[in-house]
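Working notes for the structure below.
Number of protein chains: 2
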Amino acid sequence: MSASRASRSLRAGIGSGNDGTRRHNLSTVLTTIHHHDPMSRSEVTRRTQLNRSTVGALVTELVELGLAYETPPEEQAQRGRPSPIVHPNSKVSALVVNPDVEALTLGLVGLGGVVHKRVRHALDRKPSPREAIDVTVDLVKGMGEELERDYRVIGVGLAIPGLVRNRDGLVRRAPYLDWTSEPFAEHVSRALGLPTFAGNDASVAMISESLYGAGRGVSNLVYLNGFLVGIGGGVMVAGVPLVGEDGYAAELGHTVVSEGSLRCHCGRLGCLETEVNFLRLREAMSGDPVDLYDLDSVLTTTTDRGLLLEAERQINVLAEAIANFISVFNPEVVLLGGFLGSLEAAFPDLVRRKVYESSFAPLAENVRIERATLRTPLPLLGSAELAFTPLLRDPAGVALPLAYGGPPAA
Amino acid sequence: MSASRASRSLRAGIGSGNDGTRRHNLSTVLTTIHHHDPMSRSEVTRRTQLNRSTVGALVTELVELGLAYETPPEEQAQRGRPSPIVHPNSKVSALVVNPDVEALTLGLVGLGGVVHKRVRHALDRKPSPREAIDVTVDLVKGMGEELERDYRVIGVGLAIPGLVRNRDGLVRRAPYLDWTSEPFAEHVSRALGLPTFAGNDASVAMISESLYGAGRGVSNLVYLNGFLVGIGGGVMVAGVPLVGEDGYAAELGHTVVSEGSLRCHCGRLGCLETEVNFLRLREAMSGDPVDLYDLDSVLTTTTDRGLLLEAERQINVLAEAIANFISVFNPEVVLLGGFLGSLEAAFPDLVRRKVYESSFAPLAENVRIERATLRTPLPLLGSAELAFTPLLRDPAGVALPLAYGGPPAA
DNA sequence: CTACTTTTGTGGACGGATCGAACATATACT
DNA sequence: AGTATATGTTCGATCCGTCCACAAAAGTAG
Chain A
27 MSASRASRSL RAGIGSGNDG TRRHNLSTVL TTIHHHDPMS RSEVTRRTQL
77 NRSTVGALVT ELVELGLAYE TPPEEQAQRG RPSPIVHPNS KVSALVVNPD
127 VEALTLGLVG LGGVVHKRVR HALDRKPSPR EAIDVTVDLV KGMGEELERD
177 YRVIGVGLAI PGLVRNRDGL VRRAPYLDWT SEPFAEHVSR ALGLPTFAGN
227 DASVAMISES LYGAGRGVSN LVYLNGFLVG IGGGVMVAGV PLVGEDGYAA
277 ELGHTVVSEG SLRCHCGRLG CLETEVNFLR LREAMSGDPV DLYDLDSVLT
327 TTTDRGLLLE AERQINVLAE AIANFISVFN PEVVLLGGFL GSLEAAFPDL
377 VRRKVYESSF APLAENVRIE RATLRTPLPL LGSAELAFTP LLRDPAGVAL
427 PLAYGGPPAA
Chain B
27 MSASRASRSL RAGIGSGNDG TRRHNLSTVL TTIHHHDPMS RSEVTRRTQL
77 NRSTVGALVT ELVELGLAYE TPPEEQAQRG RPSPIVHPNS KVSALVVNPD
127 VEALTLGLVG LGGVVHKRVR HALDRKPSPR EAIDVTVDLV KGMGEELERD
177 YRVIGVGLAI PGLVRNRDGL VRRAPYLDWT SEPFAEHVSR ALGLPTFAGN
227 DASVAMISES LYGAGRGVSN LVYLNGFLVG IGGGVMVAGV PLVGEDGYAA
277 ELGHTVVSEG SLRCHCGRLG CLETEVNFLR LREAMSGDPV DLYDLDSVLT
327 TTTDRGLLLE AERQINVLAE AIANFISVFN PEVVLLGGFL GSLEAAFPDL
377 VRRKVYESSF APLAENVRIE RATLRTPLPL LGSAELAFTP LLRDPAGVAL
427 PLAYGGPPAA
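So the sequence lines, in the order shown, correspond to chains A and B. All residue numbers for the first sequence refer to the numbering used here, where the first residue is 27 and numbers rise by one. All residue numbers for the second sequence refer to the numbering used here, where the first residue is 27 and numbers rise by one.
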């Protein structure tokens, strides 16, 4: 054993004892099987670098806690005694809620990243916090009986299109919903009777990509997602999501780029998200307006001069912004999602060339620019991760419900 | 004990055993006394949240390792048995080298942040890597006998004005020294026969401020230093210095600001460090050119219209850049050093007002903007920290020299 | 000056955690 | 069928921090 549990922090932390060791190892095993679902016990042993005996004991404890189970070994073309497969118990789940301008999406995600359910509730106008909660409670009630019978819901993860204070889930400002200082997480928590955690939608999507998408195994990652309105950002720094002091960090869409002239809803001139913008792209097209998900085919086949010029303008601005993020973060990968991913897919060489031209050369030489891979489950998995975190950190310390008991009696 | 050793990483790490616990606790105690030198044993007990007995054993081990010693209690107006003071052994030291355009500075820094020696060797022109090493070796030889007799040098920390690959200390690009892809750390290591670590000068200065200066206790910190030429940046993210994939992160001086027109040495237009620039400030003055350290008094007393206009222009640009960094990092504090600190000191209200005006309001509302406090020992302490890190992480695992044996025989 | 209170150092017993070795088991290969 | 290999299982050894009882050293009150 040469494991180093020492954090990378320069500052002194606090001491630790045997129970801390146990917690750490239990957490390590549960997290490992959660992020790589079908995995043999021997593989767990190799990954954790723990002793066979120890892993045996840890898995046994996780099974007793109802967090994992073992299945008979798969057929394998390998000598030696087969090792049972350790699975996380996907019935242990998190509710996921993503209120947005056009719709409220609700999901149920189990350990292992299994999306049990996903409901998209279309909205005719942007919801108030009250309405968002009502819709959420209705949707949960709709799946209520099954929820109580079959799943053990440990918490709620919210993905919010705006600034979210991570300490308590206050929505400090969500411009497109027009919410200001709404204690949304607190109200959701009360309405559903579950511990609730909230994050910015793009940051949460970055976590999804990092765990299950194009960002697997990448420790230093810059993620940009082009939504219908606005651009969201998420950053992974040394394997840790960047949150900042209050949780407001990685607002990459609200960095001023050099060629800005339009006023952003945040009050400033020339924000990235005002200059690089799906709606402006759509306005540049002649013909019927396209959907965000149809952009790929349109961009690759179009001969619309106006659209092509606007796309190129936006790519130039985007490249400049990316170059700045590269100077700031020195990432291994820059991941583009949403309509930014469509731009990258349609003009891959142009995007890369412009980024390299706009960069301080030595910084950009090893950066990979790629398209994000996840589509609809995008915010789901990452926000579920928010709700799973306490359990993953201390599997034996979190009281696990036998079943979801429904909202508290009124 | 409710210590959580779990890292904040979402990804699964590796397991840990009893030896890991011991290492962690030994590290915790040594780091604690290193960063808060005079500290009683009972205070260590409180801080680490370990048991009295355990701290006793740990301190004993550190003393046996020659890393700490205890002194009789100070007089205290407090009841109860007095607790001995635990000190880090400041004879355990790191050599620090900071090659720059005008001078090469060498220092000897002991545990506890004690600056034993500091030599500034003026240079008539920017040094080549070869010359920098020769000067360094000469200076070390100059203090050689005493070094061997009185100190136990465990390593070398380099502060470099440029891009440094943290993996191996390669100086990828140092524009003002005109070094490109120089394996400087490796050569220094061979020349002095000591393990050598290198970092960017501003990032290292950020570490100094964070441990001993205006950034004490701040976990999320953006630091900007205005050098004679250029602007360096350093960022603390959740208590961990931002390094990026290769160590090139936090090049905040090389982010493009919106009003740029001059070409930067990095090849781009409108970099922060070309727009906000000490030399341009000096050119705007009538009269004799001032030194970087005289700027404070000049700025506060001047009535020079050209200088005031230029200062205001630079503050406007700086504020815009800071606003972007706030959007990206959501820091608790923004620290300004060098001539940027002088600007802040001379025009505190203007700086703050412009930053707040340029920011996405909710993000800036809690940010403190302050001047950095450390002057000459600035890069020294932080680069020493680089060299101390292995020891602080694993106090029992690093072979400690009885004395510095001098450069290897030629 | 003395007895009391408070705080801290010290040493041994204890429980908990991982490890390593020996043994058992299950598979592939020959 | 026998052998080699890989892994699960069991149990004792080892290490670590904690807890407890006691000693030590200071201030405080009378």
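Beta carbons are placed, not taken as given, at the ideal position from N, Cα and C, and that holds for glycine.
For residue i, the first and last residue of its enclosing alpha helix (DSSP H)
{"i": "B/L165", "result": "155-168"}
{"i": "A/P125", "result": "It is not in any alpha helix (DSSP H) - A/P125 instead sits in the beta strand (DSSP E) that spans 118-125."}
{"i": "B/A387", "result": "387-390"}
{"i": "B/P374", "result": "374-384"}
{"i": "B/R394", "result": "Looking at the DSSP string, B/R394 is not in any alpha helix (DSSP H); the run it does join, the beta strand (DSSP E), is 394-397."}
Residues near residue i in its chain [Cβ-Cβ closer than 6 Å; skip 5 each side]
{"i": "A/F223", "result": "G183, L412, A413"}
{"i": "A/N303", "result": "none"}
{"i": "A/G181", "result": "A120, L220, P221, A413"}
{"i": "B/K152", "result": "V127, L203"}
{"i": "A/S384", "result": "A345, E346, A349"}
{"i": "B/T423", "result": "In the sequence on display, residue 423 of chain B carries Gly and not Thr. Here the set comprises nothing."}
Residues that DSSP places opposite residue i in a beta bridge
{"i": "B/F223", "result": "B/G183"}
{"i": "B/P114", "result": "B/A94"}
{"i": "B/Y249", "result": "B/G260, B/L361"}
{"i": "B/V141", "result": "B/V135"}
{"i": "A/L196", "result": "A/R191"}
{"i": "B/R289", "result": "B/L295"}
{"i": "B/L130", "result": "B/P125, B/H147"}
{"i": "A/S66", "result": "A/I111"}
Proximity test, Cβ basis, 8 Å: residue i and chain A
{"i": "B/T47", "result": "yes"}
{"i": "B/R378", "result": "no"}
{"i": "B/G241", "result": "no"}
{"i": "B/V182", "result": "no"}
{"i": "B/I40", "result": "yes"}
{"i": "B/S384", "result": "yes"}
{"i": "B/N251", "result": "no"}
{"i": "B/E69", "result": "no"}
{"i": "B/L237", "result": "yes"}
8 Å Cβ cutoff, residue i in contact with chain B
{"i": "A/V122", "result": "no"}
{"i": "A/H113", "result": "no"}
{"i": "A/V417", "result": "Just to set this straight, residue 417 of chain A is Leu in the shown sequence, not Val. No, because no Cβ of chain B sits closer than 8 Å to the Cβ of A/L417."}
{"i": "A/V166", "result": "no"}
{"i": "A/T86", "result": "no"}
{"i": "A/I233", "result": "yes"}
{"i": "A/S66", "result": "no"}
{"i": "A/G43", "result": "yes"}
{"i": "A/Y274", "result": "yes"}
{"i": "A/T399", "result": "no"}
{"i": "A/L36", "result": "yes"}
{"i": "A/Q75", "result": "yes"}
{"i": "A/A387", "result": "yes"}
{"i": "A/V282", "result": "yes"}
Proximal residues to residue i (C-beta, below 7 Å), its chain only, five neighbours per side dropped
{"i": "A/G195", "result": "L184, F210, A211, E212, T222, F223, A224"}
{"i": "B/A436", "result": "Model confidence at B/A436 stands at a pLDDT of 48, short of 50, so the residue's coordinates are unreliable; what they give is reported in the following sentence. Nothing listed; no residue qualifies."}
{"i": "A/R78", "result": "T71"}
{"i": "A/F386", "result": "S353"}
Beta-carbon proximity list for residue i, same chain, < 8 Å, skipping 5 on both sides
{"i": "B/I473", "result": "Given a span of 27 to 436 for chain B in the structure shown, any question on residue 473 of chain B remains unanswerable."}
{"i": "A/S30", "result": "Reliability of the predicted coordinates at A/S30 is poor, the pLDDT of 40 falling under 50, and the value obtained from them is presented with this limitation in mind. No residues qualify anywhere along the chain."}
{"i": "B/T326", "result": "A371, A372"}
{"i": "A/L84", "result": "N51, L52, V55, L76"}
{"i": "B/H147", "result": "A129, L130, T131, L132, V161, L165"}
{"i": "B/L58", "result": "In the sequence under discussion, the amino acid at residue 58 of chain B is Thr, which differs from the Leu named in the question. Closer than 8 Å at the Cβ level, and outside the excluded window around B/T58, lie M65, V70, R73, T74."}
N- and C-terminal bounds of the beta strand (DSSP E) containing residue i
{"i": "A/E277", "result": "A/E277 -> no beta strand (DSSP E), and no H or E assigned at all."}
{"i": "B/T206", "result": "205-208"}
Return the residues of the stretch 286-305 of chain A that lie within a Cβ-Cβ distance of less than 9 Å from chain B, sorted by chain order. Residues G286, C290, C292, G293, R294, L295, G296, C297.
Below 7 Å between beta carbons is the criterion; list the residues of the stretch 124-155 of chain A that meet it against any residue of chain B, in chain order. Against chain B - using a Cβ distance shorter than 7 Å - the stretch 124-155 of chain A contributes no residues.
May I ask you to list, following chain order, the residues of the stretch 191-209 of chain A that have a beta carbon less than 9 Å from some beta carbon of chain B? Those would be R198, R199, T206, S207, in chain order.
Output, in sequence order along the chain, the residues in the stretch 351-370 of chain B whose CB is closer than 7 Å to any CB in chain A. Residues passing the 7 Å Cβ filter: S353, V354, F355, N356, P357, E358.
Can you give me, in chain order, the residues of the stretch 253-280 of chain A that have a beta carbon less than 9 Å from any beta carbon in chain B? Residues G259, V261, M262, V263, A264, G265, V266, P267, L268, V269, G270, E271, D272, G273, Y274, A275, A276, E277, L278, G279, H280.
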